[in-house]
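In full-length UniProt numbering, the protein residues as written are 1 to 214.
Inspection log for the structure reproduced underneath, given as structure tokens.
Below, the structure is given as structure tokens:
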């Protein structure tokens, strides 16, 4: 490894350690209640070092959001590329979204709450611009997936792919939140496992756009 590559690898490790410490604190104390001093203490990096890698606490959060979306995009691409039929691909996409909500909760929460209509696009940081690009790329992948379903006669011909992506994303996200908060209670009430609850919910949502219900 060359000197510059080694230097960048060390810097990447430092950035990752700071992100992990910040994300843990955001979960425990909340974003607004967490300070750079808190992050400094938890990560064992000085304030000066933290500011060498991140412009602000907001910038740290943006990088957490970015990291989650990068992983979500990879998982969605794998869900589509590693499976052969539409329904199996769809279920794998749903599980990728479940993983995203569980493992990258701060990313998911901020993406779902973001109001891009209020963004000053000319003055956005490169990280925020990349977040928006990742969101667009993920939506495009999902819209192409639905369009492929239309071409195969699986999805109804009146379905508008990109509009459907927004609606299904919202529906799946809401259902996953329900499963996380009340999954055990609902599963016990209906004598089913939590995985069976997820499978039932995913089926109900996709049935809304299929030519033939499953």
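Think of the CB as a built atom: it goes at the ideal place given N, C-alpha and C, for glycine as much as any other residue.
Opposing strand residues paired with residue i [DSSP bridges]
i           : result
residue 210 : 155
Chain-order list of residues whose beta-carbon lies under 6 Å from that of residue i (same chain, five-residue window excluded)
i           : result
residue 72  : 100
residue 143 : 161, 162 and 165
residue 60  : 22 and 54
residue 104 : 68
Cβ distance (whole Å) where residue i is taken to contact residue j below 8 Å
i           : j           : result
residue 50  : residue 19  : The Cβ separation is near 11 Å, so there is no contact.
residue 79  : residue 92  : 3 Å
residue 66  : residue 131 : 5 Å
residue 69  : residue 135 : 7 Å
residue 34  : residue 26  : 6 Å
residue 173 : residue 112 : 6 Å
Within 8 Å, strictly: CB atoms of residue i and residue j
i           : j           : result
residue 21  : residue 46  : no
residue 89  : residue 83  : yes
residue 205 : residue 171 : yes
residue 94  : residue 190 : no
residue 209 : residue 159 : yes
residue 98  : residue 176 : yes
residue 62  : residue 127 : yes
residue 154 : residue 211 : yes
residue 120 : residue 96  : no
Cβ of residue i within 8 Å of any chain B Cβ
i           : result
residue 184 : The displayed structure is made up of one protein chain only, and chain B is not part of it.
Cβ shell of residue i (< 8 Å), same chain only, five flanking positions each side left out
i           : result
residue 218 : The structure shown does not extend to residue 218, since the chain spans only 1 to 214, so no value can be given for it.
residue 152 : 86
residue 23  : 64 and 106
residue 125 : 55, 59 and 62
residue 184 : 194
residue 199 : 91
residue 138 : 69, 72, 73 and 76
Residue i: first and last residue of the uninterrupted alpha helix (DSSP H) it sits in
i           : result
residue 82  : It is not in any alpha helix (DSSP H) - residue 82 carries neither H nor E in the DSSP assignment.
residue 53  : 47-53
residue 184 : 161-189
residue 37  : 36-43
residue 108 : 105-113
Chain-order list of residues whose beta-carbon lies under 7 Å from that of residue i (same chain, five-residue window excluded)
i           : result
residue 40  : 46, 47 and 50
residue 168 : 205
Any non-hydrogen atom of the ligand HEM closer than 7 Å to residue i Cβ
i          : result
residue 21 : This structure simply doesn't include the ligand HEM, nor any ligand for that matter.
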